[in-house]
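Colleague: My questions will all concern the structure given below.
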Amino acid sequence: MILELNQYQEYLVHEFVDDYQDGVLSRRDMVGRVLHITGGVAAAATMLTSLGVRAADAMNQATPGPGASTAVAGEAKSPLSVPPDDPSVQSTDIQFPNGDATITAYEARPAGGATPQASSGAAATPVAGGLPLVLVCHENRGLTDHIKDVTRRLAKQGYVACAVDLLSREGGTAKQDPSQVPSILSNADPNRHVSDFAAALTHYQQDGGADAGRAGMTGFCFGGGITWRAATQIADLKAAVPWYGPPPPLDAVPDIKAAVFGIYSSDPGDFANKGRDELEQALKTAGVTYQMKVYPGTQHAFNNDTGPRYNEQQALAAWQDMLAWFGKYLA
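Take the sequence shown: its position 325, counted from the start at 1, is 411 in my numbering, and no numbers get skipped.
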């Protein structure tokens, strides 16, 4: 009998198996991550067998303990990368409440304030008043240096960008065993994650540090899925750009008020593409302003320039498409 997993657990297990088969994760790393999600060796073996991985081979080693991961993120390779000390960007850690919880986030904004130059690529120009806001949802690894870099890239384009740490209640990403982060995120109710982004938007609506009336959201992989869900629940979002994320519940699609631009890989084995056609039909039927775009010759996570699937040409094209979308709907 195949173990019943929720949508995000199933999504992540498929991603880990794909990473293992492509040589992105070692067998030890893959097994460790799957074990954390399934909660037991027998359940992990059953799940792996169902996905075509020989359970006896995969499980034929000691169970990884804390700190046993051998996966190492590489250095940023994108020409868009913005170092933390770039003088054109101001970045800081912020906090805001969500009920009884204190949520932490990484904020980046242009030094001195600037208006976005989304589609031209020209330098941002100073502007009086609030700047549009872009909320950023991280991948299944949590709030990593790569996501902070992405946040600074948006700031350099003239946005106030805020990357929420969805592990805030657990003490933050930096305090976690990296191999356990995906299971913590996928075991939590996805509505909890959405509520943290709603709380971030409320923070800016009350704080006035950005023009929260021009708010957008983007996210990657797991974060792409949360971006889809946030679009169904946060009516004040004007634009959303999920990158290769699993779809939201289709019966919630009519609740989307934002203009949504969905970015996907062309890899038929990318589990993020499951249900994409049905999602597009639901968007069309509901009359949502949307566009779906598949980038040729790409695999899952092709924008992550610290990983082996980075495709510079298509990542740059998708980035410019995202900026153009935000420029149109957050103007």
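Backbone N, C-alpha and C define an ideal beta-carbon position, used for all residues, glycine too. Keep in mind that this is a model prediction, so the values were computed, not measured.
1. Where residue 91 and residue 97 are concerned, what is the direct C-alpha to C-alpha distance, given to the nearest angstrom?
2. What residue from 236, 134, 272, 232 has the CA that sits closest to residue 107's CA?
3. Which value, in whole angstroms, describes the spacing of the CA atoms of residue 372 and residue 364?
4. Go ahead and pull the three-state DSSP assignment for residue 396.
5. By how many angstroms is the C-alpha of residue 139 removed from the C-alpha of residue 180?
6. If you measure between the beta carbons of residue 383 and residue 397, is that distance less than 8 Å?
7. For the beta strand (DSSP E) that residue 218 lies in, which residues bound it at each end?
8. Mind the definition here: the region 325-334 touches the region 304-314 only if three or more C-beta pairs lie below 8 Å; say whether that holds.
9. Can you confirm whether the region 286-303 touches the region 216-227 when touching is taken to mean that 3 or more C-beta pairs between the two stretches lie within less than 8 Å?
10. For a test of the three-state rule: what should DSSP assign to residue 415, helix, strand or coil?
11. Rounded to a whole number of angstroms, what is the C-alpha to C-alpha distance between residue 231 and residue 160?
12. Tell me which same chain residues have a C-beta within less than 7 Å of the C-beta of residue 315, skipping the five on either side of it?
13. Might you give, ordered along the chain, the residues of its own chain that have their beta carbon closer than 7 Å to the beta carbon of residue 184, omitting 5 neighbours on each side?
14. Would you call the region 251-265 in contact with the region 161-178, where contact means no fewer than 3 C-beta pairs closer than 8 Å?
15. Check each candidate in 251, 222, 242 and name the one with the smallest Cα separation from residue 323.
16. Between which two residues does the alpha helix (DSSP H) containing residue 372 stretch?
17. Let's test the definition: count the other Cβ atoms within 10 Å of the Cβ of residue 417 and tell me whether it reaches 16, buried, or not, exposed.
18. Whose C-alpha, out of 393, 358, 389, 395, is nearest the C-alpha of residue 406?
19. For the alpha helix (DSSP H) containing residue 101, list its first residue and its last residue.
20. Taking the alpha carbon of residue 294 as the point to measure from, which residue in 246, 317, 274 has its own alpha carbon closest?
21. Alpha carbon to alpha carbon, what distance is there between residue 352 and residue 238?
22. Please name the residue, chosen from 392, 249, 240, that lies closest to residue 189 on a Cα-to-Cα basis.
23. By the three-class DSSP mapping on this structure, what secondary structure does residue 176 have?
24. Whose C-alpha, out of 235, 182, 228, 121, is nearest the C-alpha of residue 195?
25. So the candidates are 408, 302, 102, 254; which of them puts its Cα closest to the Cα of residue 355?
26. Out of curiosity, what's the CA-to-CA distance linking residue 152 and residue 186?
27. State the beta-bridge partners of residue 86 as determined by DSSP.
28. Using DSSP with H/G/I as helix, E/B as strand and the rest coil, what is residue 351?
29. Would you mind working out which of 278, 224, 301, 162 sits nearest residue 321, comparing C-alpha positions?
30. At what residues does the alpha helix (DSSP H) containing residue 234 begin and finish?
31. Pick out whichever of 176, 271, 255, 297 has its Cα sitting closest to the Cα of residue 311.
32. Classify residue 173 as buried or exposed, calling it buried when 16 or more other Cβ atoms lie within 10 Å of its own Cβ.
33. Report back the beta-carbon spacing between residue 175 and residue 197 to the nearest angstrom; my notes put them in contact at under 8 Å.
34. Could you name each continuous beta strand (DSSP E) segment of 3 residues or more that falls completely within the region 270-315, going from the start of the chain to the end?
35. Around the Cβ of residue 125, are there at least 16 other Cβ atoms within 10 angstroms (buried) or fewer (exposed)?
Modeller: From the atom records:
1. Numbered from 1 along the sequence shown, position 5 holds the residue referred to as residue 91. Numbered from 1 along the sequence shown, position 11 holds the residue referred to as residue 97. Taking the straight line from one Cα to the other gives about 9 Å.
2. Taking the sequence shown and counting its residues from 1, the one referred to as residue 107 is at position 21. The option with the nearest alpha carbon to residue 107 is 134.
3. Position 286 of the sequence shown, counted from the first residue, corresponds to residue 372. Position 278 of the sequence shown, counted from the first residue, corresponds to residue 364. Approximately 12 Å, taken between the alpha carbons.
4. Here residue 396 refers to the residue found at position 310 of the sequence shown. Coil.
5. Reading the sequence shown from its first residue, position 94 is the one you call residue 180. Reading the sequence shown from its first residue, position 53 is the one you call residue 139. Straight through space, the alpha carbons of residue 139 and residue 180 are spaced by roughly 43 Å.
6. The residue given as residue 383 occupies position 297 in the sequence shown. The residue given as residue 397 occupies position 311 in the sequence shown. It is a contact, given that the beta carbons lie within the stated cut-off.
7. Start at 1 with the first residue of the sequence shown, and residue 218 comes out as number 132. Here the beta strand (DSSP E) through residue 218 covers 218-223.
8. yes
9. yes
10. In the sequence shown, the residue the question calls residue 415 occupies position 329. DSSP places residue 415 in helix when its eight states are reduced to three.
11. In the sequence shown, counting from the first residue as 1, residue 231 sits at position 145. In the sequence shown, counting from the first residue as 1, residue 160 sits at position 74. Cα to Cα, the separation comes out at about 11 Å.
12. By 1-based counting over the sequence shown, the position of residue 315 is 229. Excluding positions up to five away in sequence, the list reads 276, 280, 334.
13. For the purposes of this step, residue 184 is taken as the residue at position 98 of the sequence shown. 281, 282, 285.
14. no
15. To locate residue 323, count along the sequence shown from 1; it is residue 237. For the residues 251, 222, 242, the minimum Cα distance to residue 323 belongs to 222.
16. Numbered from 1 along the sequence shown, position 286 holds the residue referred to as residue 372. Run containing residue 372: 362-372, per the alpha helix (DSSP H) assignment.
17. Here residue 417 is taken as the residue at index 331 of the sequence shown, counted from 1. By the neighbour-count rule (16 or more Cβ atoms within 10 Å), residue 417 is not buried but exposed.
18. Within the sequence shown, the letter at position 320 stands for residue 406. Minimum Cα distance to residue 406 is reached at 389.
19. The sequence position of residue 101 within the sequence shown is 15, counting from 1. Unbroken alpha helix (DSSP H) run through residue 101: 93-107.
20. On the sequence shown, residue 294 is found 208 positions in, with the first residue counted as 1. Minimum Cα distance to residue 294 is reached at 246.
21. Position 152 of the sequence shown, counting from 1, holds the residue named residue 238. Position 266 of the sequence shown, counting from 1, holds the residue named residue 352. Cα to Cα, residue 238 sits roughly 27 Å from residue 352.
22. If you number the sequence shown from 1, residue 189 lands on position 103. Checked all of 392, 249, 240; the closest Cα to residue 189 is 249.
23. Here residue 176 refers to the residue found at position 90 when the sequence shown is read from its first residue. Strand at residue 176.
24. As a first step, residue 195 is located in the sequence shown; it is residue number 109 there, counting from the start. Looking at the Cα atoms, 235 is the closest of the given residues.
25. The count along the sequence shown starts at 1 and reaches residue 355 at position 269. Among 408, 302, 102, 254, the Cα nearest to that of residue 355 belongs to 102.
26. Start at 1 with the first residue of the sequence shown, and residue 152 comes out as number 66. Start at 1 with the first residue of the sequence shown, and residue 186 comes out as number 100. With a pLDDT of only 37 at residue 152, under the threshold of 50, the placement of this residue in the model should not be trusted, and no figure is reported.
27. An answer regarding residue 86 cannot be provided, because it is not within the stretch 87 to 417 covered by the chain.
28. Here the question's residue 351 lines up with position 265 in the sequence shown. In the structure shown, residue 351 sits in a strand (DSSP, three-state: E or B).
29. Start at 1 with the first residue of the sequence shown, and residue 321 comes out as number 235. If we check each option's Cα against that of residue 321, 301 comes out closest.
30. Taking the first residue of the sequence shown as position 1, residue 234 is located at position 148. Its alpha helix (DSSP H) spans residues 231-242.
31. Taking the first residue of the sequence shown as 1, we reach residue 311 at position 225. Minimum Cα distance to residue 311 is reached at 271.
32. As a working note, residue 173 is residue 87 in the sequence shown. Exposed, by the Cβ-count rule.
33. Residue mapping note: residue 175 aligns to position 89 of the sequence shown, counting from 1. Residue mapping note: residue 197 aligns to position 111 of the sequence shown, counting from 1. In this structure residue 175 touches residue 197 by the C-beta definition: roughly 6 Å separates them, less than 8 Å.
34. 297-306
35. For this step, residue 125 is matched to residue 39 along the sequence shown. Residue 125 is exposed by the Cβ-count criterion.
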